[in-house]
Structures are given as structure tokens and as C-alpha cells.
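See structure below.
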Ligand SMILES: Nc1ncnc2c1ncn2[C@@H]1O[C@H](COP(=O)(O)OP(=O)(O)OP(=O)(O)O)[C@@H](O)[C@H]1O
Ligand SMILES: [Mg+2]
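Numbering (the working numbering), first residue to last: 662 to 1046.
This is how it looks when you write it as C-alpha cells:
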């Protein structure tokens, strides 16, 4: 018998070590909301680069909310209109135990919703239209009320990839939330989101008044959290890490959660998927090295392939400069264009999660090692051209 890998490269993490502060913050928000039976006015938005663990964090928060007796809805923005997705998920989510009730409530509001598989009229998502805002507000109120009637302590909406939401949808959501804040009592409802680093810019573009949204960075794991992320899943299966092997992998993973999983998984397989009582050793780490290198190379290549030719030139120029973060002006100079000409490529590369703002006028790559990859790979590209 051999045990399958407990590591989760590219999948939701089973556990999220190192994120206790974020989890506590949301747990407190929900506790106050349900005790006072009122809207959690503050909207938390957890922001960070691709692969840092935002979705895993949100899913853990959802599990904890459900355990605490809340109803929950989870939406990933970017597939169709945000408002339609929200309404559809609400129809399938906390209210699914009483579909007739939701159907009746929504019909009262003049919306056609076939539940289950709630289908919202196409016109519903046409904004800016004050009726869209009012209807979204009504659906949110109805959801919260139904959940209370079903003896849930509150309702929590989770939105992942918030930065991918359509402008009208983000606007409608911000307006609807503002309206709910005007009469918060008896409405135990909370909104918790996650998105890429520039989510605040996107939301502010859509609704400049959305100051109730509080942005919290999700960053690299500390060394202690990385150790825990590697050792706990093995321990749970009765397998131990040799100290020196663990330290080496902790160094290699650089606190980047996706790397933690790729490395852990590779070492586990190199050790022959050990049985209880087994050990992960430095020899296994050595053996895993080539496989890890290939996995990371594949990741970098797929990210590179997402960039258009002009974005690839942008990335190459960025990789050409030394240091962790790069001045926008230096990229423009390397490309021989004025700084303002970079705007579109810059935004598009942020939307694709390849680069992020690293301070005023500064940009950096989001994945460790991407610069090194580009220096080899992009050079070849230039030699061709
Ligand atoms: N706290 C954590 N400790 C260790 N590994 C983690 C942690 N959180 C997430 N991971 C792992 O990191 C990888 C990325 O996780 P996740 O998909 O949640 O990130 P993300 O920020 O949502 O990425 P994306 O922006 O691509 O959607 C996954 O392999 C996941 O198992
Ligand atoms: Mg995600």
C-alpha cells in the first residue's frame, strides 16, 4: 500500500497555515454581525498575486462560516455579469431548501427566476440602471431574511476574483451595499471578497465612493507557516520529514504557497508515496529536483504565453532591469516609448496576474523566479526577432 500525496499543487489547500490573522478578522466580523443581527457594513477584500492562496483562504472562511451556523454563497467573478452570477448563486445557495419561497419573493419583484438553475432575465444586468441596484438590494435582503427564517445566524457572500467583475456589476454591488448600510438592522449579511493586487483600482474605477471596502494584502508565507504547510499534511499520514530535507524545501519554496505544494508533492512522489512510518529525506529532495524544475518551467511558459506580443516586450524590458521592482520610467526607456504609452499593457498584465504595483511608479513580477525564466527565455525571443 502507498499513500497518495497530501499536497495540493494547483488545488484548493486543505488547510491554510499562516493565515490566522485574516481568518480571525472575518470570524470577528461575522460574530458581531450575528450577535447584533445587523449588516456587516465593512466589506473585506483580500488581495494578492496569483497562487498566493486567496481562493483557499476564502474557502476556509466559508467552511468556518458554515460551521458557525451561517448560510453562504460563493461566486467567482468574471464569468458573465456579476449581478446575474450573484442572483443565480443565491437562488441555488442558501435558499435552495425553500425554492418556492425565493421564487415567490423574486416574482413579486418582477424578476423571472427559474429555480433551481435560477435564470435571470438578460435585462436584469443592464446598468447603469437604478432598478438593477434596487433589485440586487431586494434579492440580498430576501436571501438574508430567508436564511434567518431557516434558523441560520446570518448570510455570508463570498466573491472571488473581484477584479474580474464587470464594471456595471461592481458598480451595482457597491450601490446596493451602500443602500443596505442605510438600514442595517435585522439584516445579518456580510460580504467577503478576494482579488488580484490591483482590485482596489478596479473597484474605485467602477464606484469611487466604495470606501467601505477594506483591502487586506495576502502575502508570502512566513518560514514557520511554510514549515507547517509542509510538515502537517505528512504528519497526518504518519510520515515525517528529516530536518535538513524540510529546511531545504522551505528555502526553495520562498514562502510562495503554490511552490510549497509543488515541492511537497514532488518530494512525496520521489519517496515512493510513503506508508505510515515513512520518512522524507534529502535524497528524496535531490531526486525531486528535476521534476520540480519542469513543473515550474511549465508554469512560467504558460504565463508567458498569456501575454500578447507587445506585453511580452513589456515583460522582457522589465526582466532586463536589475533589482526586485522596476520603475515604469525605466521600462518605457527600454522600449523607447513615453511612460504614458505603457498604460494599456500594464493594466492588461495586471489583469492577467503577471505583474503588480510595488509602490509608487514601481512594478514587480508576481511569481518568484519569473524574472530568471524571462532572462533566458525572452532573450531567445529577441534573438529571433
Ligand atoms: N496557506 C497556505 N499554505 C500552503 N499552501 C497553500 C496555502 N494557501 C494556498 N495554498 C496552495 O497554493 C496554491 C494556490 O492556492 P489558491 O488557488 O488558493 O491561490 P489563489 O491566490 O487563489 O491563486 P489564483 O490567483 O491563481 O486564483 C494551491 O496549490 C494551494 O493548495
Ligand atoms: Mg484563486
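Don't be surprised by glycine CBs; every beta carbon is placed ideally from N, CA and C.
Quantities reported herein were computed from a predicted structural model and do not represent experimental measurements.
Open item on the list: Going by DSSP in three states, residue 702 sits in which element: helix, strand or coil?
Closed with: Position 41 of the chain shown, counted from the first residue, corresponds to residue 702. DSSP places residue 702 in coil when its eight states are reduced to three.
Open item on the list: Tell me the rounded alpha-carbon separation between residue 860 and residue 692.
Closed with: Start at 1 with the first residue of the chain shown, and residue 860 comes out as number 199. Start at 1 with the first residue of the chain shown, and residue 692 comes out as number 31. Distance between the alpha carbons of residue 860 and residue 692: 26 Å.
- [ ] May I have the straight-line CA-CA distance separating residue 1032 from residue 794, to the nearest angstrom?
- [x] Here residue 1032 is taken as the residue at index 371 of the chain shown, counted from 1. Here residue 794 is taken as the residue at index 133 of the chain shown, counted from 1. In this structure, the straight-line span from the alpha carbon of residue 1032 to that of residue 794 is close to 44 Å.
Open item on the list: Quick check: the segment 799-810 against the segment 666-686, are at least 3 beta-carbon pairs closer than 8 Å?
Closed with: Under the Cβ criterion (8 Å, minimum of three pairs), the segment 666-686 does not count as touching the segment 799-810.
TODO: State the Cα-Cα distance for the pair residue 676 and residue 984, rounded to the nearest angstrom.
DONE: Position 15 of the chain shown, counting from 1, holds the residue named residue 676. Position 323 of the chain shown, counting from 1, holds the residue named residue 984. Inter-residue distance for residue 676 and residue 984 is about 33 Å (C-alpha atoms, whole angstroms).
TODO: Write down every uninterrupted run of the alpha helix (DSSP H) in the segment 902-946 whose length is 4 residues or greater and which is fully enclosed by it, in chain order.
DONE: If we require 4 residues or more, the alpha helix (DSSP H) runs fully inside the segment 902-946 come out as 904-914 and 918-931.
TODO: With DSSP as the reference, please indicate the residues paired to residue 820 in a beta bridge.
DONE: Working through the chain shown from its first residue, we reach residue 820 at position 159. According to DSSP, residue 820 bridges with 736 and 854.
Task: Distance cut-off 7 Å: residue 669 Cβ against heavy atoms of ligand 2 - done: Taking the first residue of the chain shown as position 1, residue 669 is located at position 8. Distances taken from the Cβ of residue 669 to the heavy atoms of ligand 2 include none shorter than 7 Å.
Open item on the list: Quick check on DSSP: helix, strand or coil for residue 673?
Closed with: Your numbering for residue 673 matches position 12 in the chain shown. Note: residue 673 maps to coil in three-state DSSP.
Task: Cβ-Cβ separation, residue 718 to residue 707 (assumed contact under 8 Å), whole Å - done: As a working note, residue 707 is residue 46 in the chain shown. As a working note, residue 718 is residue 57 in the chain shown. Between residue 707 and residue 718, the beta carbon gap of about 6 Å places them in contact (Cβ cut-off 8 Å).
Task: Simplified DSSP assignment, three categories, for residue 988 - done: Numbered from 1 along the chain shown, position 327 holds the residue referred to as residue 988. Residue 988 falls in the strand class under three-state DSSP.
Task: Rounded separation between residue 965 and residue 838 - CA only - done: Start at 1 with the first residue of the chain shown, and residue 965 comes out as number 304. Start at 1 with the first residue of the chain shown, and residue 838 comes out as number 177. Straight-line measurement puts the Cα of residue 838 at about 38 Å from the Cα of residue 965.
Open item on the list: Helix, strand or coil for residue 1045? Go by DSSP, reduced to three states.
Closed with: Position 384 of the chain shown, counting from 1, holds the residue named residue 1045. Summary for residue 1045: the model assigns pLDDT 42, below 50, so the residue's position carries little reliability, and this model does not support an answer.
TODO: Sort out for me which residues DSSP pairs residue 815 with in a bridge.
DONE: Here residue 815 refers to the residue found at position 154 when the chain shown is read from its first residue. Its beta-bridge partners are 731.
Task: Member of 801, 963 and 926 whose CA lies at the smallest distance from the CA of residue 945 - done: Here residue 945 refers to the residue found at position 284 of the chain shown. Residue 945 has its Cα closest to that of 926, out of 801, 963 and 926.
- [ ] Would you kindly report the start and end of the unbroken beta strand (DSSP E) that includes residue 874?
- [x] Against the chain shown, residue 874 aligns to sequence position 213. Following the DSSP letters along the chain, one finds residue 874 inside the beta strand (DSSP E) bounded by residues 874-878.
Task: 6 Å Cβ shell around residue 1019 - same chain, five flanking residues per side excluded - done: Here residue 1019 refers to the residue found at position 358 when the chain shown is read from its first residue. Answer for residue 1019: 986 and 1025, listed in chain order.
- [ ] Say yes only if the C-beta of residue 717 is nearer than 7 Å to one or more non-hydrogen atoms of ligand 1, and no if none qualify.
- [x] Along the chain shown, read from residue 1 onward, the residue named residue 717 stands at position 56. Residue 717 Cβ: within cutoff of ligand 1.
Task: DSSP beta-bridge partners of residue 1025 - done: Walking along the chain shown from the start, residue 1025 turns up at place 364. Residue 1025 is bridged by DSSP to 1017.
- [ ] Count the C-beta pairs between the segment 930-941 and the segment 997-1004 that are closer than 8 Å, then say yes if the count reaches three, no if not.
- [x] Counting C-beta pairs with one atom in each stretch, the segment 930-941 and the segment 997-1004 have fewer than three that are closer than 8 Å, which means they do not touch.
Open item on the list: Give me the residue from 886, 846, 881 and 834 with the minimum Cα distance to residue 865.
Closed with: As a first step, residue 865 must be located in the chain shown, where it is residue number 204. Comparing Cα positions, the closest option is 834.
TODO: Taking residue 1022 and residue 990 to be in contact with their CB atoms under 8 Å, please state how far apart those CB atoms are, rounded to whole angstroms.
DONE: Residue mapping note: residue 1022 aligns to position 361 of the chain shown, counting from 1. Residue mapping note: residue 990 aligns to position 329 of the chain shown, counting from 1. Indeed they touch by this definition, with Cβ atoms about 7 Å apart.
TODO: Please classify residue 830: does DSSP put it in a helix, a strand, or coil?
DONE: Along the chain shown, one-based indexing puts residue 830 at 169. Shown here, residue 830 sits in a helix according to DSSP, grouped into three states.
Task: Per DSSP, the bridge partner or partners of residue 708 - done: Indexing the chain shown from 1 puts residue 708 at position 47. 856 and 878, per the DSSP bridge assignment.
TODO: For the alpha helix (DSSP H) holding residue 899, just list the boundary residues, first then last.
DONE: Here residue 899 refers to the residue found at position 238 when the chain shown is read from its first residue. Premise fails: residue 899 is in no alpha helix (DSSP H) and is neither H nor E.
- [ ] Can you check DSSP and say which residues form a bridge with residue 741?
- [x] Taking the chain shown and counting its residues from 1, the one referred to as residue 741 is at position 80. 739, per the DSSP bridge assignment.
Open item on the list: Please identify the residue among 933, 920, 988 and 841 whose C-alpha is closest to the C-alpha of residue 713.
Closed with: The residue given as residue 713 occupies position 52 in the chain shown. With respect to the C-alpha of residue 713, the residue from 933, 920, 988 and 841 having the closest C-alpha is 920.
TODO: Could you tell me the distance, in whole angstroms, from the CA atom of residue 947 to the CA atom of residue 884?
DONE: Numbered from its first residue, the chain shown carries residue 947 at position 286. Numbered from its first residue, the chain shown carries residue 884 at position 223. Approximately 21 Å between the Cα atoms of the pair.
Open item on the list: If you measure between the beta carbons of residue 826 and residue 741, is that distance less than 8 Å?
Closed with: Sequence index remark: in the chain shown, residue 826 carries index 165 (1-based). Sequence index remark: in the chain shown, residue 741 carries index 80 (1-based). No, Cβ-Cβ distance for residue 826 and residue 741 is not below 8 Å.
Task: C-alpha distance - residue 881 paired with residue 730, whole-angstrom precision - done: The residue you call residue 881 lines up with position 220 of the chain shown. The residue you call residue 730 lines up with position 69 of the chain shown. Their Cα atoms are separated by approximately 31 Å.
Task: Inter-residue CB distance, residue 934 and residue 665 (contact presumed, cutoff 8 Å) - done: Here the question's residue 934 lines up with position 273 in the chain shown. Here the question's residue 665 lines up with position 4 in the chain shown. That belief holds up - the Cβ atoms of residue 934 and residue 665 are roughly 6 Å apart, short of 8 Å.
- [ ] With a threshold of 16 other CB atoms inside 10 Å of the CB of residue 897, please say whether the residue is buried or exposed.
- [x] Along the chain shown, read from residue 1 onward, the residue named residue 897 stands at position 236. The residue in question, residue 897, is exposed, as its Cβ has fewer than 16 Cβ neighbours within 10 Å.
Task: Cβ-heavy atom distance, residue 1012 to ligand 2, below 7 Å - done: Residue numbering aside, residue 1012 sits at position 351 when the chain shown is read from its first letter. In this structure, ligand 2 has no non-hydrogen atom nearer than 7 Å to the beta-carbon of residue 1012.
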